[in-house]
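This report concerns only the one structure given below.
In full-length UniProt numbering, the protein residues as written are 1 to 309.
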């Protein structure tokens, strides 16, 4: 997959089938839009593309309202590559871009991609003050020579799949519902860093990962998860929170890989969250904490035995 990070290039493309959107989470609704662009490209013998932004548009429009990211840039790139997208155009959302009229924005797209097909979701907007609508894009497409297809929203259990609903699920610890909406478990990646070694002292050595500051984190508590180490997906327990028993202040993600012994420092570690076992608790003694973790391990192993084949 070719990755483009700016719209002003010496090269240009022709007859591209392109999906437009923010695509945070690359959920089932997004997959429908992107999959349709890939399908159009396969039919026509052309290339498929996704146009999106490196940062959430609200980071410029209303920074205090900007939501945390469901998927990092790196994960989004991996997911799109897996969907057989040929070209990813991910550019910074800037003040200059913010002030483009809908027509100016489309002109830039046309000059770079000369698209044959453009696929969007039902709530897609573009241009200054989000004044560009699916109807306007369809009209401009007729003038510029490309077809616009608006994909209908996807509904699960009677509710529309959206990035907002996924953030709500993850923030409340409802990882099973989040997985339904995304079509896969919620996942975060980070580099394993040195912690305070407390897990090792307790008899449950953990790998501490530091996600980016923009990354959405699940509700505090203990989860069953898969730890992704290279090409391996291993059963694990994950604690998200501040460790209030030890009066810590910063939220952290601590991963205990079940029946696994290896040095993971400085490695990239992924965590697929499966189910929340309990919320974060304060314990009156170290022994009480150790006993609770031992019970978590038993419950976690039972979960994997009954749920994961």
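Yeah, the Cβ is synthetic: ideal placement off N, Cα and C, and Gly gets one too.
Outcome for residue i when other beta-carbon atoms lying within 10 angstroms are tallied against a minimum of 16
i	result
residue 305	exposed
residue 230	exposed
residue 287	exposed
residue 194	exposed
residue 282	exposed
residue 92	exposed
residue 56	buried
residue 31	buried
residue 42	exposed
residue 254	buried
Own chain partners of residue i with C-beta closer than 7 Å, once the 5 adjacent residues on each side are dropped
i	result
residue 278	221, 222
residue 72	189, 212, 215
residue 124	20, 21, 134
residue 84	38
Residues near residue i in its chain [Cβ-Cβ closer than 8 Å; skip 5 each side]
i	result
residue 99	128
residue 147	116, 117, 118, 141
residue 36	19, 119, 149, 151
residue 79	26, 71
residue 175	169, 185, 186, 218, 223, 273, 274, 275, 276
Residue span of the beta strand (DSSP E) that contains residue i, given as start and end
i	result
residue 210	207-210
residue 140	Where residue 140 is concerned, there is no enclosing beta strand (DSSP E), although the alpha helix (DSSP H) it sits in stretches over 134-144.
residue 189	187-193
residue 149	147-150
residue 19	17-20
residue 252	252-257
Supposed close pair residue i, residue j - CB separation, criterion 8 Å
i	j	result
residue 12	residue 112	6 Å
residue 15	residue 46	4 Å
residue 58	residue 102	So it is not a contact: roughly 19 Å between Cβ atoms.
residue 1	residue 81	5 Å
residue 235	residue 258	5 Å
Residues near residue i by beta carbon distance below 6 Å, same chain, minus five either side
i	result
residue 170	178, 186, 216, 218
residue 267	192
residue 228	270
residue 114	14
residue 161	27, 28, 29, 154, 181
residue 3	88
One or two residues paired with residue i in a DSSP bridge
i	result
residue 305	Its beta-bridge partners do not exist; DSSP assigns none.
residue 160	155
residue 223	238, 276
residue 4	89
residue 48	17
residue 117	17, 147
residue 268	191
residue 233	228
Proximity test, residue i beta-carbon vs the ligand ADP heavy atom, cut-off 6 Å
i	result
residue 225	This structure does not include the ligand ADP; it has no bound ligands of any sort.
Limits of the alpha helix (DSSP H) - the one that residue i falls within
i	result
residue 34	28-44
residue 63	No alpha helix (DSSP H) holds residue 63; DSSP gives it neither H nor E.
residue 105	102-113
residue 216	Per DSSP, residue 216 belongs to no alpha helix (DSSP H) and is neither H nor E.
residue 78	73-82
residue 95	95-98
residue 179	175-182
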